[in-house]
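Participant: Below you will find the structure I want to go over with you.
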Amino acid sequence: VNFLILDEPTNHLDMRSKDILKQALKDFEGTVLVVSHDRDFLDGLVNKMYEFGNKKIREHLGGVYEFLAAKKMESLSELELNPAVQARREEKKESAEPVDGKQRFEELREYNRKVRRVANKIEDKEKLIAKLEARIAEMSQRLAEPAEGDDVATLVKEYDKMNVELEKAMQEWEALQNELSELEGK
Numbered sequence: 006v007n008f009l010i011l012d013e014p015t016n017h018l019d020m021r022s023k024d025i026l027k028q029a030l031k032d033f034e035g036t037v038l039v040v041s042h043d044r045d046f047l048d049g050l051v052n053k054m055y056e057f058g059n060k061k062i063r064e065h066l067g068g069v070y071e072f073l074a075a076k077k078m079e080s081l082s083e084l085e086l087n088p089a090v091q092a093r094r095e096e097k098k099e100s101a102e103p104v105d106g107k108q109r110f111e112e113l114r115e116y117n118r119k120v121r122r123v124a125n126k127i128e129d130k131e132k133l134i135a136k137l138e139a140r141i142a143e144m145s146q147r148l149a150e151p152a153e154g155d156d157v158a159t160l161v162k163e164y165d166k167m168n169v170e171l172e173k174a175m176q177e178w179e180a181l182q183n184e185l186s187e188l189e190g191k
């Protein structure tokens, strides 16, 4: 019997690696049990979902988006919310006008697009921060032991400039993280 159990298999994978893994699992001739909060990864991969909670296990036939629509949720992380927050969200959703499937799909697609865009910006900002930190460490070393012919005043100016850029990049990264948290909280 071919049986795979995967717990959050997409954590720490880039988009290409996720796609390769997803295709490999689609081609796998056997049963796959996947624990994941990654909607995009689960979409088209699963045909049944299990919900664990309140000392019960509930089976849901269909894909991840059918499950979310049935639960009136936008993300799998909403399942982990405390009951009071969940109840307020349910009240909001019930008071809203009914939304047809196509409109709901478009809203979810736009939401996913926004989340991906912000996540990509965060990744780019993290790469910039890493480069700046490496450059600052290098500059710090040069300042600690300047080579003959080094213009120390110029090195200090460049070092200060890099630190200002790093501070700005970290503030932008923090703002993007807050934006992502807000998006995921909706």
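Here the numbering used here is used: position 34 in the sequence shown is 39, and no number is missing along the way. The C-beta atom is built at its ideal place from N, Cα and C for all residues, glycine as well. Since this is a predicted model, take the numbers as computed values, not measurements.
If you compare alpha carbons, which of Lys-173, Val-157, Pro-151, Leu-113 is closest to Leu-133?
Facilitator: Numbered from 1 along the sequence shown, position 128 holds the residue referred to as residue 133. Comparing Cα positions, the closest option is Lys-173.
Participant: Can you list, in chain order, the residues of its chain whose CB lies under 8 Å from that of Asn-7, leaving out five sequence neighbours each side?
Facilitator: On the sequence shown, position 2 is the one that residue 7 refers to. So the qualifying residues of the chain are Phe-33, Glu-34, Gly-35, Thr-36.
Participant: How far does the alpha helix (DSSP H) with Leu-26 in it reach, from first residue to last?
Facilitator: As a first step, residue 26 is located in the sequence shown; it is residue number 21 there, counting from the start. Taken as a continuous stretch (DSSP letters only), the alpha helix (DSSP H) holding Leu-26 covers 20-32.
Participant: So, using beta-carbon positions, are Glu-179 and Val-123 closer together than 8 Å?
Facilitator: Against the sequence shown, residue 179 aligns to sequence position 174. Against the sequence shown, residue 123 aligns to sequence position 118. Contact flag unset, no.
Participant: Please tell me whether His-65 and Glu-56 are closer than 8 Å, where the distance is taken between their beta carbons.
Facilitator: Here the question's residue 65 lines up with position 60 in the sequence shown. Here the question's residue 56 lines up with position 51 in the sequence shown. Yes.
Participant: Cutting at 8 Å between CB atoms, please list the residues of its own chain near Tyr-164, excluding the five before and the five after it.
Facilitator: The sequence position of residue 164 within the sequence shown is 159, counting from 1. Excluding positions up to five away in sequence, the list reads Ile-141, Met-144, Ser-145, Leu-148.
Participant: Given this structure, state the Cα-to-Cα distance separating Met-175 from Lys-136, to the nearest angstrom.
Facilitator: One-based indexing of the sequence shown puts residue 175 at position 170. One-based indexing of the sequence shown puts residue 136 at position 131. Cα to Cα, the separation comes out at about 12 Å.
Participant: Going by C-alpha to C-alpha distance, which of Ile-62, Gly-49, Arg-109 sits closest to Lys-77?
Facilitator: Counting from one through the sequence shown, the residue named residue 77 turns up at place 72. Nearest C-alpha to Lys-77: Arg-109.
Participant: By DSSP's criteria, Tyr-55 is part of a beta bridge. Which residues make up the other side?
Facilitator: Walking along the sequence shown from the start, residue 55 turns up at place 50. According to DSSP, Tyr-55 bridges with Glu-64.
Participant: Look at the Cβ atom of Gly-68, then the Cβ atom of Asp-48, and state whether they are nearer than 8 Å.
Facilitator: For this step, residue 68 is matched to residue 63 along the sequence shown. For this step, residue 48 is matched to residue 43 along the sequence shown. Cβ distance < 8 Å, so Gly-68 and Asp-48 count as in contact.
Participant: Under a three-way DSSP split, which group does Leu-50 fall into?
Facilitator: Walking along the sequence shown from the start, residue 50 turns up at place 45. Note: Leu-50 maps to coil in three-state DSSP.
Participant: Grab me the residues of Leu-113's own chain with a C-beta within less than 6 Å of its C-beta, minus the 5 sequence neighbours each way, in chain order.
Facilitator: Counting from one through the sequence shown, the residue named residue 113 turns up at place 108. There are no such residues.
Participant: Can you name the residues that DSSP bridges to Ile-10?
Facilitator: As a first step, residue 10 must be located in the sequence shown, where it is residue number 5. Leu-38.
Participant: Less than 8 Å between the C-beta atoms of Lys-23 and Leu-50, yes or no?
Facilitator: Position 18 of the sequence shown, counted from the start, is the residue given in the question as residue 23. Position 45 of the sequence shown, counted from the start, is the residue given in the question as residue 50. Not a contact, by the Cβ cut-off of 8 Å.
Participant: Quick check: what's the CA-CA separation for Val-39 versus Glu-138?
Facilitator: Position 34 of the sequence shown holds residue 39. Position 133 of the sequence shown holds residue 138. So the alpha carbons of these two residues sit roughly 37 Å apart.
Participant: Use the C-beta contact count for Thr-15: other C-beta atoms within 10 angstroms, 16 or more gives buried, fewer gives exposed.
Facilitator: As a position in the sequence shown, residue 15 is number 10, starting the count at 1. When all chains shown are included, Thr-15 counts as buried.
Participant: How big is the Cα-Cα spacing for Lys-53 and Ala-29?
Facilitator: One-based indexing of the sequence shown puts residue 53 at position 48. One-based indexing of the sequence shown puts residue 29 at position 24. Approximately 18 Å, taken between the alpha carbons.
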